[in-house]
Structures are given as C-alpha cells and as structure tokens.
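Q:
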Amino acid sequence: MVKFSKELEAQLIPEWKEAFVNYWQLKKQIKRIKLSKLPKQSHHHLKPDFGLSIFDSFHFFAAHYLSASHHHDHNIIQVRKKSTKGGEEEIYETELAQLFSEEDEVRVFFMRLDEELNKVNQFYRSKESEFLERGETLNKQLQILLDLKQIISDRRRRNSPAKPYSTGTTPQYSPARNSNYSENIGDSDETNSEISQTEEVMTRLEKNGVSFVNSATRTKTKKGKPKVAMRIDVPATNPTRAITAITSMLWEDLVNNPTGDFVHKRKIQCAEKMIRSAFVELYRGLGLLKTYSSLNMVAFTKILKKFDKVSCQKASANYLKEVKRSHFVSSDKVVRLMDEVESIFTKHFANNDRKKAMKFLRPQQHKDSHMVTFLVGLSTGCFVSLFSVYAILAHLCGIFSPTNEQVYMETVYPVFSVFALLSLHMFMYGCNLFMWKSTRINYNFIFEFSPSTALKHRDAFLMSTTLMTTVIGAMVIHLLLRAANFSPTEIDAIPGILLLVFIVLLICPFDIFYRPTRYCFIRVIRNIVCSPFYKVLLVDFFMADQLTSQIPLLRHLETAGCHIYARAFKTHHPDSCHSGRLYMEITYIISFLPYYWRALQCVRRWFDDGDVNHLANMGKYVSAMVAAGARVTYSRQHDHIWFAIVLITSVVATMYQLYWDFIKDWGFLNPNSINPWLRDDLILKNKSIYYMSIVLNVVLRVTWVETIMHFKVGQVQSRLLEFLLAALEVIRRGHWNFYRLENEHLNNVGHYRAVKTVPLPFRETDSD
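Printed below as a string of structure tokens:
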C-alpha cells in the first residue's frame, strides 16, 4: 500500500506545491509529540513496586474511568473563526480546551495546522475569484462574437434575393413594390442604407451591454459613411477599462462595408478559435482547483487521524467539522462554473455533441506503448550491429587510406555527420524529457505543447535510434557498392538520396511518424527565420538556442549540398566547395545566422516587453557573432594579429555566455542563497550535481581553444576531432536545457502559473 505522503507528492500540482498543505512538516510535528511521550512512559515503567497503598486500586479504576471518558470527549479543542477585511476572509485559530501531557508540542501542532488551513483557504479563494472573473470575461467575449455572427447571417439572408440574378432565375418581389422599387434607388438611399446598417450593428451590440465611445458625436467621411471610434466600453467590468475589436480591419469591415460579406470569415474564425481555447484553459484551471481542494481535504483528514493515534485523543472530529465548513471545501462555485463551461462549450463549439466537447475539455493522454520501447531496443541493437559491420568493412576496403580518404571525406562524411549530430541532439532531448518528467517539471505547459500530441522521451529515443540505424545502414550499403566496383558517381548519390528522403518525410502531409511534432518543428523554424515579424514565445527562442549549438551541422549541410549539386548538375567543380570567395561568404553567413536570429528575437522581445535585459541578452549573441567571424577568418589567415583578435573576442564572448548561463538562465551564483552560490529552490536533492554541472559547463564552453591551436594531424583525424567537438557542444546544450527549464519551472511555481493565459480577440485596454 502506497503511503499517502508519496501519493500526495505524485498527484499535487507542481506549480501550486507551496500552496498545498505542508503534510510532511505536520508529520514531523506529530513525531515530536510521540517522542515527547517516551521519557514519561519509560519513567513510569522504572517506578519501584514497594510503597503501594490499599487505595491504589481505587486510584487505578478512577484514572481508567476518567481516561475512558476523555477518550470519547470530542470537545478537547475549540476552533474559532475570525473574519477580516470586511468579512471577505476567514482566519481559523485553535484553542486547547483540555490540557495535554505534551501541551507545548500539541499547541505548536495546532498552530501550524491553523496556518496551513488559512493558507489553503486564502489561495483557494484567490484562484476561485480569478477563474470566476475569467469566466465572466469569456462570457462577454462569446456574446459579442455571437452578436457579430448573427449580424453577418442576417446580412447574408437579406442579400440572398440579389444572388439569383447570377444563376439565371428572376427575383420575386411583391406587386405593390415591384413597379417603383428601382426608381427610388439613388445616392441618398445608398448612404441612408449604409447608415441604417451601421446603426443596426451598433444597436444590436448595445443591447448586450456594449456602449460606444463618442457615439453621440459620430462624423461622416467624404463618402457619407459614418466614422466611429474603434474603442467600445463595457460598463459591467470597470469604467476605466475598454474592449477593442480583433483588429482595426475587422471593425472597419464591420461599420464601413455596406454590402456582401462585410466581415472577413477568417477573422471571425480566428476569434472563435481564440475564445474556444480560452474556455478549454479555463476548464482545465477549474479542474486543477477542484483537485487542489480534494487533495487538501484528504491531507487534513489523514494528518488529524495520525494525531488522534499518537495523542490517544479524538480531536479530529471537531477540527474536521470546521475544515468541511471552510471555504475551499464548502464552496460550490467552481463546480457550478465547470458545469456552465461544459454546457456553453457543448452548445457553441461542439454542435450540442457532449462527447465531442469532452474530447476538447478533457483530452485523453496516450498511454506509453510497450511497442515503442521494443522498437527502441530493436533499433539500438541494429545500430550497434551495423556500426560494427561498417567498421570492419571500412578497414577491409581501406576507405581511410591516404588514396581514398580525401574523396570519401569530401562526399560522404558531411552528410552522415549531419545525421549523426541531429540524432545525438534528439537523444539528448529524449534525456531532457526523461529528466523533466522524473522531476515533475511541466515542460508541456512551459512550451505550450498539447499533452495529447507532445513528444515523450521514448518517442525521442525511437526517432534518434531509427535515424542512426538508417544512416549506418546507408553507409554500409555505400561501402558494399563501392567494393563491388560500381560507378563512384552513382554510389556517391546515396547520401544525397538519404537527405532528400528525410526532407520529404519532414514535410509529409500524411499522419505518419509524429506529424504534429514535425509540423510544430517546421512552424518554430519559420518563426525563427522570420524573427522580427512574429511574437517570440519560449519555444521559439529555446529552439533558436539549439541552433546556435548546431553551427557545425549547418556548415556540413552546406558542404554536402554543394557537393551533391556540383555532381548532379555539373555547374561547378566540387573542389570549389572548400575554397574560393563564395565558399568563404557562405561560411560567414552560416556562422552568423543562428546568432543573428537569436539577436533579432531579443530585439523583438524588448520591443514587446520593454525589458532592457533583452537588449543585454542581444549583446551576448552579438559578441558570439564577432568571435565566430574572427575564428573563421583566422582559419584562413594564420598570423599573430588575427590570433590576438580571436583570443580577445572569444574570451569576451565566453565570459559573457558563462555569466548569462549561470546567473540569468540557471539562476545560480546567488551569494545570499540558502544553498551556497546556487539558488534558494532546487529540484534535485543532491547539491553536488549542481556544482559539477557548473564546472562541466565551463569546460565545454572553452572547447573553441582547439580551433586556434591547429594540431598537426591527418585529414581523417582532423575531421573526427571536428566531429567530436561538435558533439561535445550538442551534449553541453542538452545539459544546459535541463537547468534552463528547471529555472523557468521554478519561476512559474513562484507565481503559481499552472494554466496558460490565452489572449482574447476583444482585448482590454486602458481608456483615455
């Protein structure tokens, strides 16, 4: 049977952990009560047997009777409830109506129990009011959306008699109006109809509690159309707040376009999707709050039963009555709001299909399949076997001999190293997912992934091992065909074919091989490439940071593409892929691009948030760009001046990066922390792991030293050393990922963020 403490730890909401009952601290206090009784019991057993009186038997029966009566007395404590802040909050205080033999420890226990009860009540009340306010806002947003849709449908129905002209049929009019209907149409009538239609829109919205700013002083444009302020007040919320339409284009379409589909369908669909997502998040938050209430109720019940057992008193019944009367248990507002959300969602977003609505509101998470685990093991075994076969064949074919190594390294090595680095990065990401899950870091919430389609660690391992097995298999086939004296031009196309297959698989529209993950990856890459034009989310700059560690992969990809293009289309000689002005320019661009994208993201975040720290973060990537450019130049010009430039720029960039890693990204090096030079809150219990991680990050940050040392080794050894350094950078990035997300998770915990705040289409802004 699982202990409740472990069950509570497994089920509690990580972001709200500090707001839960501190069950473990209360258990420690009960142990103190138990230990305080032991000396008295031992003293009682050591009491000598002589000196007994004839009245001792009467004393024994009297004491036994009194203890039995006390055992059944439930009123040994009195729980008083006090109201504060005008009766909005309640504070519980417990007084001991009966003296205990361990009075001090018992008083401390109930004092802490009162603190926990007050804490739970206050947190529940604050979250409840927050969700209720959110529900009211969503109802108003939905009502405005329904009004707009109703007006659109009315307008289309009114214009529908004009459409039969295009289909060859004659419109039907009443005899009284048919004779002179067309004669009364003129410019003034068009203007009046536009005004009446605009007035109709405003009247319809005003009936639902929406009033327009400066509605009494409307002006007209040159064409006679009304000019209306786009801001609209909602008196029910706050007189200093206002609601703004989805976009200015939507409102202009709404009031200025008198004919046809005057509101773009996609804008209404976008607004509907946003409101639907907001209702889903609200329902999820209400479910979490309901779980919070039930878990805390069980925790109070369990801890009071433990107290009764240790103190040999029945104090739980009296205290539990007050717990059940407290707000977090007795309030039914959350349950009623959940029922209301279910009915609203079923009616407006699921066509009255409750089963369909529940799929949105309560998505079922896919259980881990044993088949995935089996395939991971199978792919790993195949990879090890094929790699052994490849090593033997490479030795027998003499592929790394001085006569063959140059051609092989130029054509085959770049493509296969791309897949190897990509597979290693996927493996590290799988390790990250496993560690985040083990430590209960809510990475799906942080990245805003859907729990039903998010990648799990076994899936990441399967993708990694399958990729490497396929690549090693292609390398073995390449060697076998080479040994069979096939044309080098034909067999050297195998790496290009493999690269093309994986690109096709990445963009494949069919629902195979993790399509949601593939499309999410493509969408994030698009956001990174177009950084200034998209709002930067955490997953965007997190992925951009991954790209800064994959610059060698991008350079190998450029080399492989150049060779494949040269051999396939004969546009240039393959030797130009390693020398020449164009090669140097592309090398500079590739070395700059990831840092450039990341710097643009910092600028965009500063523009959106106004936080100067984003500009300081941009400086880190600018310094990395300068250092990368200096190292590329030094690789072509070996002189003392460039050596000094590379050394200075690289040291400055490394110090900048280490500072940002430890202080900003990981939250370490806090001299006032309770954990020396770390931070106050740590997820891993072993502090030495954090210190070793700091040292490891420093060591892996200075691997660039090898690039300026120029060790005299052969071409194969040089390529392998280059691949090793690139792999170490990928490992460092995977190691960095865990602590970066740990720090982000702890920030969410500090602000009790467990539910995503979906932006609403009719946004609230301060009125002038």
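Taken in order, the sequence shown gives residues 2 to 769; the numbers are from this note's numbering.
A virtual CB, placed ideally from N, CA and C, is assigned to each residue, including glycine.
Please read all numbers here as calculations on a predicted model, not as lab measurements.
Cα separation between G777 and L283?
A: Residue 777 is absent from the model: the chain starts at 2 and stops at 769.
Q: Assuming contact is defined by CB atoms lying nearer than 9 Å, are F446 and C521 in contact in what I supplied?
A: No.
Q: According to DSSP, is Y284 helix, strand or coil?
A: Three-state result, Y284: helix.
Q: What span of residues does the alpha helix (DSSP H) with I690 cover, start to end?
A: Run containing I690: K688 to R702, per the alpha helix (DSSP H) assignment.
Q: Hey, out of S465, K357 and S651, whose CA is closest to C383's CA?
A: Ranking the options by Cα distance to C383, first place goes to S465.
Q: Roughly how far, in whole angstroms, is the beta-carbon of A600 from the beta-carbon of V633, given that I think they are within contact range, below 8 Å?
A: Rounded, the Cβ-Cβ distance is 18 Å, inconsistent with contact.
Q: Suppose only complete runs of 4+ residues qualify. What are the alpha helix (DSSP H) ranges in the region 588-643, listed by chain order?
A: The qualifying runs are 613-635.
Q: Cβ of Q602 versus every heavy atom of the ligand NAP: is any distance shorter than 8 Å?
A: Among the ligands in the structure shown, none appear at all, so the ligand NAP cannot be discussed.
Q: Determine, using beta carbons only, whether E411 and H579 come nearer to each other than 9 Å.
A: Closer than 9 Å, so yes.
Q: Just reading off the alpha helix (DSSP H) that L13 is part of, what are its end residues?
A: Neither: L13 is in no alpha helix (DSSP H) and is coded neither H nor E.
Q: Give me the DSSP bridge partner(s) of T95.
A: For T95, which the question treats as bridged, DSSP gives the partners V80.
Q: Count the other C-beta atoms from every protein chain shown that fall within 10 angstroms of the C-beta of S488, then say buried if there are 16 or more, exposed otherwise.
A: Exposed: under 16 other Cβ atoms inside 10 Å.
Q: Helix or strand or just coil, what does DSSP make of E90?
A: Strand, per DSSP.
Q: Quick one: measure Cβ to Cβ for S550 and R734, integer angstroms, because I've assumed they're closer than 8 Å.
A: Contact holds; Cβ gap of about 4 Å.
Q: Straight-line CA distance for E559 to Y125?
A: C-alpha separation (whole angstroms): 56 Å.
Q: Which two residues bound the contiguous alpha helix (DSSP H) that contains S380?
A: Counting along the chain, the alpha helix (DSSP H) containing S380 begins and ends at H371 to C398.
Q: Does the beta-carbon distance from I14 to T292 come in below 9 Å?
A: The answer is yes: Cβ separation under 9 Å.
Q: Please report the distance separating the alpha-carbon of P760 from that of V373.
A: Taking the straight line from one Cα to the other gives about 37 Å.
Q: Using the C-alpha atoms, what's the distance from D148 back to K688?
A: K688 and D148: Cα-Cα distance of roughly 58 Å.
Q: Leaving out the 5 sequence neighbours to the left and right, which residues in its chain are closer than 7 Å to M619 when beta-carbon positions are compared?
A: Excluding positions up to five away in sequence, the list reads A600, C603 and V604.
Q: Between which two residues does the alpha helix (DSSP H) containing V714 stretch?
A: No alpha helix (DSSP H) holds V714; DSSP gives it neither H nor E.
Q: Leaving out the 5 sequence neighbours to the left and right, which residues in its chain are closer than 6 Å to F401 when beta-carbon positions are compared?
A: The answer, listed in chain order, is V717.
Q: What's the C-alpha gap between V652 and V299?
A: Each residue's Cα considered, the two are about 56 Å apart.
Q: Starting from D340, trace the alpha helix (DSSP H) both ways and give me its first and last residue.
A: Where D340 is concerned, the enclosing alpha helix (DSSP H) stretches over K334 to F350.
Q: Which value, in whole angstroms, describes the spacing of the CA atoms of Q26 and E134?
A: Those two C-alpha atoms are separated by around 34 Å.
Q: Return yes when the Cβ of N738 is within less than 9 Å of the Cβ of N433, no when it is not.
A: For N433 and N738, yes; Cβs fall inside 9 Å.
Q: Spatial neighbours of I565 within its chain, please: C-beta separation below 6 Å, excluding the five flanking residues on both sides.
A: Answer for I565: G497, listed in chain order.
Q: Put D188 into one of helix, strand or coil per three-state DSSP.
A: Because the pLDDT of D188 is 49, which lies under 50, any placement of that residue in the model is unreliable, and the number read from its coordinates should be weighed accordingly. DSSP places D188 in helix when its eight states are reduced to three.
Q: State buried or exposed for L616, treating a residue as buried only when at least 16 other CB atoms are found within 10 Å of its CB.
A: Counting Cβ neighbours within 10 Å, L616 comes out exposed, since fewer than 16 surround it.
Q: Apart from the five residues on each side of it in sequence, which residues of its chain come closer than 8 Å, Cβ to Cβ, to K757?
A: E282, F446 and E449.
Q: Quick check: T708 and L726, are their CB atoms within less than 9 Å of each other?
A: Yes, these two residues count as a Cβ contact at 9 Å.
Q: Alpha carbon to alpha carbon, how far is E8 from K28?
A: Taking the straight line from one Cα to the other gives about 15 Å.
Q: Would the region 339-357 and the region 274-281 be scored as touching if the rule is three or more Cβ pairs under 8 Å?
A: Touching, yes.
Q: What is the DSSP secondary structure of R741, counted as helix, strand or coil?
A: Three-state result, R741: helix.
Q: Given that a residue counts as buried once 16 or more other Cβ atoms are within 10 Å of its Cβ, and exposed if not, what is W667?
A: With 16 or more other Cβ atoms within 10 Å, it is buried.
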